[in-house]
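Heads up: the protein sequence lines correspond to chains A and B, in order. In terms of the working numbering, the first sequence opens at residue 4 and continues consecutively. In terms of the working numbering, the second sequence opens at residue 13 and continues consecutively. Even glycine gets a Cβ: it sits at the ideal position worked out from N, Cα and C.
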Amino acid sequence: MAAPTQGEDSDDAMDEFMEKFKTQKYKNAFSESNWEEEFEKVPMFMKTAPESIDPEKHPDLACIQSIIHDDDRTPEEKARGLKDEGNDYFKEKKYKKAVVSYTEGLKKNCTDIELNAILYTNRAAAHFHLGNMRSALNDATAAKKLKPDHIKAIIRGAQCSMELRNYAGALQWCDEGLRLLPTEKKLQELRATADKQKREAERDARKAKVKAKKQQNEKETLLAAIKERGIKLLKTEPSQRRGSDSEDDDGDRGASRALADLELDGISSQEATGACVYMDEQGVLHWPVLFLYPEHSQTDFISAFCENSSFMDHLAVMFGEELPPWDSERKYQPQNLQLFFEDPEKGNLYQVDLEKSLLNVLQHQRCSVKAGTPSFIVLVSGSPFSKQFLSGKKVQRLK
Amino acid sequence: MLSDSEAKELLSFLTLETRPDVKGQATEYILGLTGNRDGCRYLRSKPDFLKALVTLTRDPSIAIVKDCYHAVINLSADETLHQPLIKETDLLAILFKNLLDPEYVFADRICTILSNLSRHERTCRDVFHALQEQKIGLDKVVEIFCTEGFNKTASLHYLGPLLSNLTQLPEARHFILDKDRCVIQRLLPYTQYEESTTRRGGVVGTLRNCCFDYAHHEWLLSDAVDILPYLLLPLAGPEELSEEENEGLPVDLQYLPEDKKREDDPDIRKMLLETLMLLTATKVGRQIMNKKNVYPIMREFHKWEKDPHVISTCEKLVQVLIGDEPEAGMENLMEVEIPNDVEEKLKELDAKEQEQMEKDKQECEKKQNESPEALER
């Protein structure tokens, strides 16, 4: 823009100056088409600051920033400036940036204790909103160490402890704060909440303990009932458990191993739901039982076979109305079936009397339960497969 | 007692400047005097002796200070000595100053003295006012009481009875029941403080006294304070309750473990029940207590309790809990006007009941004394 000539305040010069505007284009003027864009670039008219300040695109902003962070100032001033910067970011919910600013402020190591306490407290707040509870708690603690009467730090400390479920810790923070400001409502509320949640957590722990005890008792009763019946539970492979060779362990190790044996996880059948042997209100045991059909590589899983039921009871239902789809030759009819259990130690097969109850069979000397599930092999009497399957094996038939 | 000249001589030995051995013998003698009622009464008429004793608590010799405190404890146990002690000496100022010192090794004795002095209303009021005047205030006492390990050498359990005594004054209750502060809430956990019957009893006594102010009942029973579980826990036992009953109880009473013990001391049990009774005075209080399903706790407690006095209080409470609501106009049991003749009759019945309970108790004790002999046979 043409400067007014020296000493000039006559109207003529002014007129001449004004005339120039009509003809000459204003240098460095905003263009008519994108003047709004241009406006945005002028620091004073910016509506929002850009995320990062590129000195090439925004030379003016970069310039202003460097003034703010001018190294000629004292540490206190720098720290204060950084605190304000952090606060601004905080207001915009830019918590990560706020943390950076506050950290820079603390790095200045200025001697103003109050300022440092504020920086720690504010950083704690930023961390809190970012979900970094431990960092927030550390900062609150640091703030309180610098300035023990800094109530905002104490409130924050209590809040962080609550989030970390350290209710006893939260109560301590609150009580400390209330010692300074006995009528502080926020602290009183926090304290009441912390106390309530602490007591609820204690209740939950008691409840879990009672439940675990109950389950333990039930399991022990179950084991005792099984043992009383003289049913043998097979221990799992030695590679999985260190242990003695005795099958009738009475000690804790035996019990927990036996308990583990009762645990079932996913047996091959599609109906398996991790079923486990259980005892009903009348003291009767119900077992999950597996029927194996080696001829067709099929299985059937009965989730709860009452120990007093007979095999025929179940077979009559399973093979009664409809024969299974894999029985292509339609020969698996109840009256044709033969059941065997295997003695895992010797590999012998023992035929099962179908009229007998499950309990009866399980009590057989050579019968044992593996993985908590009795399993039985089902063959069709006299069939070629059956002959082939049984050949070469020692079979104890029914008399 | 002592002649005038003997007294004068003895008094001359009771100064800080006296030779330690002479001083020691003098304080020992005074301590001996305080050991019986006549000695105490004698000293009542001798304020100079009282002043000297209090002064000697500043003595550099621990043995002397110990004797002095011991003597003052004995004196404070006698009500007639209260006003002389307070008015003729600066005892209260010294006591409070040292109480606040976390290193003071005689703090427990201070608490005992204060507890004694606050027993009866008149001096209790003096103690309370001295607290305010010394700019200490009841909140500092509560704070010290509730700070674990405040004084490494003193347990400060006797602050419990002190608080209990102070709350016979409405001004003290007013402070403890301040809604804008967190005072009574800090005392509640101590109803279960196993290490000290004194502390526990003091706290329960405080709570009982506070419950006389029925205007505060709703607040006390609300979540802001939640006094109910802390009164019931000492009365609750290890008996297993059904899941349904458990879920209906206040959180702190649910799923109590097998080793849960009830309050040992029958007097404290009685106080707890009396406090619960007080809380049933208003309709709101009764409603809240019924909603919180305290009945199963009381039921099991009643089965367990042996002391006839306590059983009687328990039965009265249960009756209110399960009984019908009183007629309109009588809902606040503390404000009901009882006609004179009815009142007379009730007093008579009460007296008869007391008699009967005493008889029951004696029979109970007799039986206990008899059985060892029977076993020996």
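Residues of its chain near residue i, where Cβ-Cβ distance is below 6 angstroms and the 5 sequence neighbours each way are ignored
i, result
"A:Asp-63", "Pro-46"
"B:Pro-278", "Asp-319, Val-322"
"B:Met-3", "Residue 3 of chain B falls outside the range modelled here, since chain B spans only 13 to 389, and no answer is possible."
"A:Lys-86", "Gly-108, Leu-122"
"A:Arg-245", "With a pLDDT of 45 at A:Arg-245, under the threshold of 50, the predicted position of this residue should be treated as unreliable, though the coordinate-derived value follows. If we look at A:Arg-245 and ignore the five residues flanking it on each side, it has no Cβ neighbours."
Identity of the residues DSSP links to residue i by a beta bridge
i, result
"A:Thr-376", "A:Lys-373"
"A:Leu-382", "A:Gln-341"
"A:Ser-360", "A:Ser-313"
"A:Val-398", "A:Leu-352"
"A:Gln-301", "A:Tyr-296"
"A:Tyr-281", "A:His-289"
Helix, strand or coil at residue i [DSSP, three-state]
i, result
"B:Val-296", "helix"
"B:Thr-203", "helix"
"B:Lys-272", "coil"
"A:Ala-307", "strand"
"A:Leu-237", "coil"
"B:Gln-266", "coil"
"B:Thr-30", "coil"
"A:Met-17", "helix"
"B:Tyr-242", "helix"
"B:Ser-324", "helix"
"B:Thr-209", "helix"
"A:Gln-366", "coil"
"B:Lys-99", "helix"
"A:Ser-138", "helix"
"B:Ser-15", "coil"
"B:His-82", "helix"
"B:Cys-223", "coil"
"B:Tyr-54", "helix"
"A:Pro-328", "coil"
"B:Val-237", "coil"
"B:Asn-177", "helix"
Start-to-end residues for the beta strand (DSSP E) that takes in residue i
i, result
"A:Gln-354", "352 to 355"
"A:Pro-291", "288 to 296"
Contacts around residue i, its chain only, beta-carbon distance under 7 angstroms, and the 5 residues preceding and following it disregarded
i, result
"A:Ile-270", "Annotation note: pLDDT 25 at A:Ile-270 (below 50); position unreliable, no value reported."
"A:Lys-373", "Leu-237, Pro-347"
"B:Thr-135", "His-94, Gln-95, Ile-98, Leu-129"
"A:Trp-329", "His-299, Gln-301"
Close Cβ partners of residue i (< 8 angstroms) along its chain, the five nearest in sequence each way excluded
i, result
"B:Ile-334", "Tyr-307"
"B:Pro-384", "Note that B:Pro-384 scores 46 on pLDDT, short of 50, meaning its location in the model is unreliable and no value can be drawn from it."
"A:Ala-228", "Met-282, Gly-286, Leu-288"
"B:Ile-76", "Pro-32, Lys-35, Gly-36, Thr-39, Leu-68"
"B:Thr-292", "Arg-298, Met-301, Leu-329, Val-332, Leu-333, Leu-345"
"A:Lys-334", "Val-383, Ser-386"
"A:Thr-196", "Met-165"
Near the ligand SAM: residue i beta-carbon under 6 angstroms from a heavy atom
i, result
"B:Pro-114", "This structure lacks the ligand SAM, and indeed carries no ligand of any kind."
Alpha helix (DSSP H) segment containing residue i, residue limits
i, result
"A:Gln-218", "188 to 231"
"A:Pro-78", "78 to 94"
"B:Asp-8", "Outside the displayed span of chain B (13 to 389) sits residue 8 of chain B, for which this structure offers no information."
"A:Gln-27", "Taken as a continuous stretch (DSSP letters only), A:Gln-27 belongs to no alpha helix (DSSP H), as it is neither H nor E."
"A:Gln-162", "154 to 166"
"B:Arg-311", "307 to 316"
"B:Glu-147", "A small fix is needed here, since residue 147 of chain B is Lys in this sequence, not Glu. It is not in any alpha helix (DSSP H) - B:Lys-147 carries neither H nor E in the DSSP assignment."
"A:Gly-108", "98 to 110"
"B:Val-66", "59 to 67"
"B:Glu-337", "Taken as a continuous stretch (DSSP letters only), B:Glu-337 belongs to no alpha helix (DSSP H), as it is neither H nor E."
"A:Met-47", "Here A:Met-47 belongs to no alpha helix (DSSP H), and DSSP marks it neither H nor E."
"B:Asn-258", "255 to 260"
"A:Gly-180", "170 to 183"
"A:Asn-119", "116 to 133"
"A:Cys-2", "There is simply no residue 2 of chain A to check, as chain A begins at 4 and stops at 402 in what is shown."
"B:Asp-277", "Per DSSP, B:Asp-277 belongs to no alpha helix (DSSP H) and is neither H nor E."
"B:Asn-163", "Where B:Asn-163 is concerned, there is no enclosing alpha helix (DSSP H), given that its DSSP letter is neither H nor E."
"A:His-61", "Unbroken run through A:His-61: none, as it is neither H nor E."
Decide yes or no for the touch test of the segment 26 to 35 of chain B against the segment 391 to 398 of chain A: beta carbon pairs closer than 8 angstroms, at least 3 of them. no
Does the segment 201 to 210 of chain A touch the segment 180 to 190 of chain A, meaning 3 or more C-beta pairs lie closer than 8 angstroms? no
Is the segment 204 to 218 of chain B touching the segment 227 to 239 of chain B, taking contact as three or more C-beta pairs under 8 angstroms? no
Using a Cβ distance threshold of 8 angstroms, determine whether the segment 161 to 177 of chain A contacts the segment 172 to 192 of chain B, with at least three qualifying pairs required. By the criterion of at least three beta-carbon pairs nearer than 8 angstroms, the segment 161 to 177 of chain A is not in contact with the segment 172 to 192 of chain B.
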